[in-house]
Amino acid sequence: MATLLRNPQGELPEGRKRRHGADEAYERTLISPFALKRPQGRLLYWFIFTLLVLATLGTLGPIYWMFSGALKSSREIFQTPPTFWPVHPQWSNYSNAWDILNFPIHFTATMVLAIGAVCLQILVSATAAYALSKLRVAGKNIIQFSFFCTLMVPPVVYLIPQFVNINDLPLLHISLINTWAGVLLPEAANAFNILILKSFFDGIPNELSEAAWLDGANAWQLFMRIIIPLSRPALAVITIFTVIASWKDFLWPLLVLSDDRLQPLMVSLYHQAGTNSNLPFMYLIAGLVLASLPPIILFLLFQRQIIRGINLTGLKG
26 MATLLRNPQG
36 ELPEGRKRRH
46 GADEAYERTL
56 ISPFALKRPQ
66 GRLLYWFIFT
76 LLVLATLGTL
86 GPIYWMFSGA
96 LKSSREIFQT
106 PPTFWPVHPQ
116 WSNYSNAWDI
126 LNFPIHFTAT
136 MVLAIGAVCL
146 QILVSATAAY
156 ALSKLRVAGK
166 NIIQFSFFCT
176 LMVPPVVYLI
186 PQFVNINDLP
196 LLHISLINTW
206 AGVLLPEAAN
216 AFNILILKSF
226 FDGIPNELSE
236 AAWLDGANAW
246 QLFMRIIIPL
256 SRPALAVITI
266 FTVIASWKDF
276 LWPLLVLSDD
286 RLQPLMVSLY
296 HQAGTNSNLP
306 FMYLIAGLVL
316 ASLPPIILFL
326 LFQRQIIRGI
336 NLTGLKG
């Protein structure tokens with residue numbers, strides 16, 4: 026039928042195109058329209074929908090408790106039965122936590138570490154992925170296999186070797202303990218980001234690279250003028266994931282940074298919540314809320330770019 030409706034150029038009419046595209050998208054749903062017409066199909070649909078709603082509520086429950094607990098007094102937080110909403114909301118908890126926890130200092134430290142991690146990871150990951158994808162590198166398959174092998178090793182295994190290297194940097198014999206460089210240097214290379222960018226670079230037609238070579242462009246010009254502009258969706262996803270990972274990183278900064286002025290938010294809140302600390306619990310929860318807001322806002326602002334980049338880089342399901 027679609028063949029009979031095509032115009033002399035072999036294309037479907039515009040209205041038919043829209044219907045044809047809508048039908049294709051409609052057929053890709055989890056449960057087909059034909060299954061929904063049967064009682065078993067509708068029952069399965071509502072069962073899955075109910076499970077997703079319950080899972081969503083279970084995920085949002087702790088977040089709601091954190092935001093509402095930041096408005097309660099310490100006594101109301103621990104009372105039984107708990108209150109669903111603060112009886113007397115204390116909005117001053119946020120301003121008091123901002124001052125008591127020295128939030129501007131630790132927020133600045135967290136921002137410096139996040140921006141530094143983004144710059145280093147994009148520089149290392151993008152250049153490494155470009156070399157593996159578009160350049161003739163000896164042992165390319167062996168290098169890529171090595172990257173896959175590192176993904177199989179738990180990150181905790183690297184802690185002792187990394188700490189030894191940071192404490193006495195090879196060849197230079199200097200210590201990066203208690204410096205931001207000691208936190209950023211091990212995060213400069215990320216095998217996962219390299220493999221994701223390489224898979225994206227592989228999708229860029231080689232004809233563009235060959236045309237650039239014929240025009241006299243060198244490898245660096247090809248990378249900066251063709252590969253990078255075409256890879257903005259993938260780079261945006263890598264940037265967002267790196268910022269979130271750096272923002273919530275706790276164990277490595279805890280080991281490296283002992284100076285309170287250099288510690289990010291997660292480490293500072295951990296020390297403030299110690300057994301010897303007299304910090305009221307409501308201020309601690311308010312500090313956790315303030316520390317959680319930037320990643321949440323970042324996701325809400327760039328959720329389209331995240332979803333688009335996940336589709337483009339092949340990270341599905």
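The numbering of the sequence shown is our numbering, which starts it at 26 and goes up by one. Ideal placement from N, C-alpha and C gives every residue a C-beta, glycine not left out.
Can you give me the Cβ contacts of residue 141 inside the same chain, cut-off strictly under 6 Å, excluding the 5 residues immediately before and after it?
209
Can you tell me whether residue 118 is buried or exposed, with buried defined as 16 or more other CB within 10 angstroms of its CB?
buried
Anyone know if the C-beta pair for residue 176 and residue 165 falls short of 7 Å?
no
Tell me, to the nearest whole angstrom, how far the beta carbon of residue 14 is from that of residue 299; I am working on the premise that it is less than 8 Å.
In the structure as shown, the chain starts at 26 and stops at 342, and residue 14 therefore has no counterpart that could be examined.
Can you name, in chain order, every residue of its own chain whose Cβ lies under 6 Å from the Cβ of residue 255, other than the five neighbours on each side?
229
Run the CB neighbour count on residue 203, radius 10 Å, all protein chains shown included, and call it buried at 16 or more, exposed below.
exposed
Alpha carbons only, please: which of 217, 248, 293, 205 is nearest the one belonging to residue 178?
217
Do residue 91 and residue 14 have their beta-carbon atoms positioned less than 7 Å apart in this structure?
Since the first residue shown for the chain is 26 and the last is 342, residue 14 is missing from the structure and cannot be characterised.
As a quick exercise: from 259, 297, 293, pick the residue whose alpha carbon is nearest that of residue 332.
259
Put residue 165 into one of helix, strand or coil per three-state DSSP.
helix
Three-state secondary structure (DSSP) at residue 116?
coil
Mark residue 198 as exposed unless 16 or more other C-beta atoms lie within 10 angstroms of its C-beta, in which case mark it buried.
exposed
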